[in-house]
Amino acid sequence: MSEKILRWALAERVEHLIIMVLMPIFIITGLPLLKIEWFGWMVTTPITMDLFRTIHRMAAGLYLAVGIFHILYHTIALKRTKIIVTIKDIKDSIKLIKYYMGLSNEKPEIGFHNPTEKILVYWLMAVWFMIFMGISGIILMFPSYFASWIHEWALVVHDVFFFLILFVLMFHFYMSTLYKEHRPLLEGMFTDGMIPAEFAREHHSLWYKEVKGSNQ
Ligand code: HEM
Ligand code: HEM
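Using the numbering used here, the letters of the sequence shown map in sequence onto residues 0 to 215.
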């Protein structure tokens with residue numbers, strides 16, 4: 000049997016599964032709130048607009064809970080992470096995007112994270128876009144506490160980031176399922192957390208050397 004190495008621990012896989020389920024819930028329950036003229040057909044008895052609102056808000060609460068767990072997991076539980084973005088990540092991302100687009104054959108040597116996923120999917124979408132969604136969402140939730148212009152701006156922010164999230168999600172979905180080269184990573188996220196060592200050696204060579212170094 001080919002050698003395997005651990006990529007994602009159980010807690011990380013469960014976290015990913017929860018946010019992966021929450022995103023479609025946000026999107027589906029957000030659509031009739033966004034444009035009832037187009038998505039009114041979704042609201043049929045016993046499903047009401049209030050039910051959509053309640054589920055949307057419960058999803059927000061759960062996302063916040065996952066966020067708090069995530070921070071505690073990487074601080075108190077001391078699961079070390081390389082999630083901080085470095086200059087090398089930015090340079091490597093540019094090289095990787097050129098490589099993915101077929102504009103270059105040069106593939107940078109990377110560590111644990113794929114830098115484009117780290118920047119776009121983790122920091123931009125899962126952290127910053129969701130912070131904007133959360134703040135604007137809270138303003139939408141309590142309109143009587145805010146001036147009407149703040150409420151209007153919150154709606155604009157919530158709508159703009161809704162489309163940005165959809166865009167990044169499509170990129171993430173493509174890179175993790177349809178982009179053949181990355182298929183072994185699905186095993187790591189959706190089965191037992193392990194990926195073939197050979198894949199790590201080829202695609203995440205710096206991380207592979209680190210793991211091998213620490214095992215000697
Ligand atoms: C549509 C279904 C999805 C699939 C098939 C999928 C697949 C994956 C896979 C295979 C990985 C592991 C990549 C690696 O090992 O380097 C991953 C990582 C990740 N996914 Fe997803 N995912 C999905 C949805 C989502 C959603 C909805 C979110 C966020 C709201 C999300 C956020 C993340 C994040 C933050 C990472 C870690 C990226 C990193 O830091 O390197 N994913 N996903
Ligand atoms: C993270 C925390 C979030 C909170 C607290 C939140 C809260 C809210 C609230 C209170 C509303 C207004 C509902 C109403 O009409 O009474 C709303 C609308 C909406 N939400 Fe969220 N939301 C969040 C995240 C998201 C996410 C991640 C998405 C999709 C990716 C999303 C998509 C939408 C859409 C499309 C609308 C309709 C906006 C409009 O009327 O133009 N929300 N949200």
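Backbone N, C-alpha and C fix where the C-beta goes; we use that ideal spot for every residue, glycine too.
- Under the three-state reduction of DSSP, I109 is assigned to coil, being neither helix nor strand.
- Taken in chain order, the complete beta strand (DSSP E) segments of 3 residues or longer contained in the region 170-206 are 193-195.
- In the structure shown, K3 adopts extended strand secondary structure according to DSSP, grouped into three states.
- By the criterion of at least three beta-carbon pairs nearer than 8 Å, the region 170-177 is not in contact with the region 45-60.
- By the Cβ neighbour-count rule, S103 is exposed, with fewer than 16 other Cβ atoms within 10 Å of its own.
- Inclusion of G192 and A64 in the CB contact set at 8 Å is not warranted, their separation being larger than that value.
- In summary, G60 is exposed, with fewer than 16 beta-carbon neighbours lying within 10 Å of its beta-carbon over all protein chains present.
- It is roughly 14 Å from the alpha-carbon of Y121 to the alpha-carbon of F131.
- Per DSSP, T28 is one residue of the alpha helix (DSSP H) stretching across L9 to L33.
- With the rule of 3 Cβ pairs closer than 8 Å, the region 74-93 counts as touching the region 103-120.
- In the displayed model, V155 falls within a helix according to three-state DSSP.
- Beyond the five residues adjoining it in sequence on each side, G29 comes within less than 7 Å, by CB distance, of H55 and F161 in the same chain, given in chain order.
- E36 has its alpha-carbon roughly 26 Å from the corresponding atom of M129.
- R79 is the residue among Y144, I26 and R79 whose C-alpha sits nearest the C-alpha of R6.
- In the three-state DSSP reduction, T74 falls in the helix class (H, G or I).
- Around the beta-carbon of I138, 16 or more other beta-carbon atoms lie within 10 Å, marking it buried.
- A125 carries a helical assignment under DSSP once its states are collapsed to helix, strand and coil.
- Rounded to the nearest whole angstrom, the CA to CA distance from S135 to P142 is 11 Å.
- Of the candidates F38, G66, H202 and E209, the residue whose Cα lies closest to the Cα of K179 is H202.
- Here I4 is buried. Its C-beta has 16 or more other C-beta atoms within 10 Å.
- Following the DSSP letters along the chain, one finds I89 inside the alpha helix (DSSP H) bounded by residues I86 to Y99.
- Rounded to the nearest angstrom, the gap between the Cα atoms of K87 and L95 is 12 Å.
- In the three-state scheme derived from DSSP, where H, G and I count as helix and E and B as strand, P45 is classed as coil.
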